[in-house]
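Student:
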Amino acid sequence: MFRAFARNRMSATRASAPPAQRCPNCPGAPARPVFEDAGGRVLRCGSCGLEFAERYPDLEHEESGIYSAEYFARALAEEPRREAIYAQLVAGIETRLGRKGRLLDVGAGEGQLVRVAISRGWQAEGTEISSAAVRFMRERGLTAHAGELEGLALPAASFDTVVLNHVLEHVRNPVATLAEVRRLLVPAGLARIEVPNLASLSSRAKNLQSRLGLKRDPWKHYSTGHHFWFFTPGTLARTLRTAGLEVVALDAPARQWNARGAGDAMANVLYGATRWGGHLVAWARRGGS
0 MFRAFARNRM SATRASAPPA QRCPNCPGAP ARPVFEDAGG RVLRCGSCGL
50 EFAERYPDLE HEESGIYSAE YFARALAEEP RREAIYAQLV AGIETRLGRK
100 GRLLDVGAGE GQLVRVAISR GWQAEGTEIS SAAVRFMRER GLTAHAGELE
150 GLALPAASFD TVVLNHVLEH VRNPVATLAE VRRLLVPAGL ARIEVPNLAS
200 LSSRAKNLQS RLGLKRDPWK HYSTGHHFWF FTPGTLARTL RTAGLEVVAL
250 DAPARQWNAR GAGDAMANVL YGATRWGGHL VAWARRGGS
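Numbering (numbering that gives the first Met the number 0), first residue to last: 0 to 288.
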């Protein structure tokens with residue numbers, strides 16, 4: 000579905016020719032092409048090195064073409080397994096924050112993390128641009144805000160923690176989204192942001208294979224049909240700071256979730272130390288005044 004949508008999006012983009020994106024960290028810096036595939040062209044900022052899609056899709060197409068009910072079908076099918084996964088994620092927040100309180104899950108999908116947080120004693124709610132997901136959450140009795148985070152006008156300093164779990168790579172402008180996260184956090188609050196790691200050992204190997212023409216579908220690992228920002232540890236930290244957030248911790252675990260065995264634990268330690276793991280997990284709080 001994503002590849003077909005990407006091809007349609009590229010054709011529509013060329014026809015309507017919306018303005019090209021610029022690096023949100025360095026708006027005046029030049030950017031050079033990295034590659035072009037069915038999803039469009041990916042650029043790299045000449046100043047900070049952030050890679051990003053040259054064009055961002057129209058929100059109406061994004062909501063209906065990418066984040067339709069089918070997008071969440073896999074998550075719904077995996078609800079039993081993800082119950083334990085999200086319990087671990089929320090427990091990690093409780094450990095770092097030192098308390099429970101109000102939690103906002105940005106890009107909450109079908110709302111499972113919100114439900115888990117509530118079951119653990121949090122006051123939790125979510126946001127979604129997908130009308131299908133918002134409807135699903137509300138039918139389950141959850142508080143769901145419909146729309147992009149920056150346009151919701153939620154009360155300032157109203158959440159103890161804000162979670163963006165594999166969401167930042169999808170948003171229109173990561174700096175604007177993170178600046179709104181900063182505004183929503185209470186002074187002692189904490190944000191947890193997780194994204195794919197472009198500097199992972201796997202990504203490095205696939206990049207080399209793509210450049211050498213050794214992959215049947217080169218650059219597929221970028222997922223350009225629905226990912227628009229591609230972070231390394233350095234560019235994620237830079238983006239957080241640009242948005243006014245202070246990085247408390249930044250890790251690159253081998254697995255997306257907590258290790259399940261001794262081998263996984265050892266791999267997480269190794270990849271976390273080298274920043275070569277497949278995922279980046281950043282913890283951040285409000286910086287400055």
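Just so it is clear, CB atoms sit at the ideal spot from N, CA and C, and this is done for glycine as well.
Kindly list the residues whose CB is nearer than 7 Å to the CB of Phe-227, restricted to its own chain and excluding five residues on each side of it in sequence; keep chain order.
Tutor: For this step, residue 227 is matched to residue 228 along the sequence shown. Phe-51, Ala-52, Tyr-55, Glu-168 and His-169.
Student: Gln-87 lies in the alpha helix (DSSP H); which residues open and close that run?
Tutor: The residue labelled residue 87 in the question sits at position 88 within the sequence shown. Note, Gln-87: alpha helix (DSSP H), 78–96.
Student: Which same chain residues, not among the five before or five after Ala-248, have their C-beta less than 6 Å away from its C-beta?
Tutor: The count along the sequence shown starts at 1 and reaches residue 248 at position 249. The residues are Trp-282.
Student: Helix or strand or just coil, what does DSSP make of Gln-122?
Tutor: Here the question's residue 122 lines up with position 123 in the sequence shown. Strand at Gln-122.
Student: Just to confirm my understanding: we take Asn-7, look at its own chain, exclude 5 residues before and 5 after, and list those with CB closer than 6 Å. What are they?
Tutor: The sequence position of residue 7 within the sequence shown is 8, counting from 1. Low local confidence applies: a pLDDT of 42 at Asn-7 is under 50, so the model's placement there is unreliable, and no value is given.
Student: What's the gap between the Cα of Glu-82 and the Cα of Ala-116?
Tutor: As a position in the sequence shown, residue 82 is number 83, starting the count at 1. As a position in the sequence shown, residue 116 is number 117, starting the count at 1. Each residue's alpha carbon lies about 10 Å from the other.
Student: The alpha helix (DSSP H) with Ala-236 in it runs from where to where?
Tutor: Translated into the one-based positions of the sequence shown, residue 236 becomes position 237. First-last of the alpha helix (DSSP H) with Ala-236: 232–241.
Student: Any idea if Ala-156 is buried or exposed, counting beta-carbon neighbours within 10 angstroms, 16 or more meaning buried?
Tutor: What you label residue 156 is simply residue 157 of the sequence shown in a count that begins at 1. Under this definition Ala-156 is an exposed residue.
Student: Return the Cβ separation of Glu-149 and Ala-175 in integer angstroms, given the expectation that the two are a contact with Cβ distance under 8 Å.
Tutor: Translated into the one-based positions of the sequence shown, residue 149 becomes position 150. Translated into the one-based positions of the sequence shown, residue 175 becomes position 176. Yes, Glu-149 and Ala-175 are in contact; Cβ-Cβ is about 5 Å, under 8 Å.
Student: Leaving out five residues on either side along the sequence, give the residues of the same chain with a beta carbon under 7 Å from the beta carbon of Thr-234.
Tutor: Along the sequence shown, one-based indexing puts residue 234 at 235. Answer for Thr-234: Cys-47, Gly-48 and Leu-49, listed in chain order.
Student: Put Ala-296 into one of helix, strand or coil per three-state DSSP.
Tutor: For the chain, the structure presents residues 0 to 288; residue 296 sits outside this window and is missing.
Student: Applying the 10 Å Cβ sphere with the 16-neighbour rule, what's the burial state of Ala-289?
Tutor: The first residue shown for the chain is 0 and the last is 288, placing residue 289 beyond what the model contains.
Student: Could you tell me if Gly-286 is buried or exposed, where buried requires 16 or more neighbouring beta carbons within 10 angstroms of its beta carbon?
Tutor: Numbered from 1 along the sequence shown, position 287 holds the residue referred to as residue 286. That one is exposed.
Student: Of all the options Gly-100, Thr-142 and Pro-217, which has the alpha carbon lying nearest to the alpha carbon of Leu-189?
Tutor: Mapped onto the sequence shown, residue 189 falls at position 190. The shortest Cα separation from Leu-189 among Gly-100, Thr-142 and Pro-217 belongs to Gly-100.
Student: Is the beta carbon of Ser-222 less than 8 Å from the beta carbon of Gly-276?
Tutor: By one-based count along the sequence shown, residue 222 stands at place 223. By one-based count along the sequence shown, residue 276 stands at place 277. No, the pair does not count as a contact, with Cβ atoms beyond the cut-off.
Student: Checking the sheet assignment: what are the DSSP bridge partners for Asp-36?
Tutor: As a working mapping, residue 36 is identified with position 37 in the sequence shown. The partner list for Asp-36 (beta bridge, DSSP) reads Gly-39.
Student: What three-state label does DSSP hand Asn-164 in the structure shown?
Tutor: Taking the first residue of the sequence shown as position 1, residue 164 is located at position 165. Looking at Asn-164 - three-state DSSP - the assignment turns out to be strand.
Student: Assuming the contact rule is C-beta atoms closer than 8 Å, Gln-122 and Glu-78 should be a hit. Round their C-beta distance to whole Å, please.
Tutor: As a position in the sequence shown, residue 122 is number 123, starting the count at 1. As a position in the sequence shown, residue 78 is number 79, starting the count at 1. Not confirmed; about 22 Å, so no contact.
Student: For His-144, which three-state DSSP category applies?
Tutor: Residue 144 sits at position 145 when you count from the first residue of the sequence shown. Looking at His-144 - three-state DSSP - the assignment turns out to be strand.
Student: If you draw a straight line from the C-alpha of Thr-126 to the C-alpha of Val-41, how long is it?
Tutor: In the sequence shown, the residue the question calls residue 126 occupies position 127. In the sequence shown, the residue the question calls residue 41 occupies position 42. Each residue's alpha carbon lies about 28 Å from the other.
Student: Specify the secondary structure class of Val-180 as computed by DSSP and reduced to three states.
Tutor: Numbered from its first residue, the sequence shown carries residue 180 at position 181. Of the three classes helix, strand and coil, the one that applies to Val-180 here is helix, per DSSP.
Student: When you compare each of Tyr-85, Ile-92, Pro-195 and Asn-206 to Val-33 by their alpha carbons, which one comes out closest?
Tutor: Locating residue 33 in the sequence shown gives position 34, counting from the first residue. Taking only the C-alpha atoms, the option nearest Val-33 is Asn-206.
Student: Give a yes or no on whether the C-beta atoms belonging to Val-113 and Leu-141 are separated by under 8 Å.
Tutor: Taking the first residue of the sequence shown as position 1, residue 113 is located at position 114. Taking the first residue of the sequence shown as position 1, residue 141 is located at position 142. Their beta carbons are under 8 Å apart, which means Val-113 touches Leu-141 by this criterion.
Student: Quick one: what's got a C-beta closer than 7 Å to Leu-151's C-beta in the same chain, skipping five residues either side?
Tutor: As a first step, residue 151 is located in the sequence shown; it is residue number 152 there, counting from the start. Excluding residues within five positions, the ones whose Cβ falls inside 7 Å are Thr-126 and His-144.
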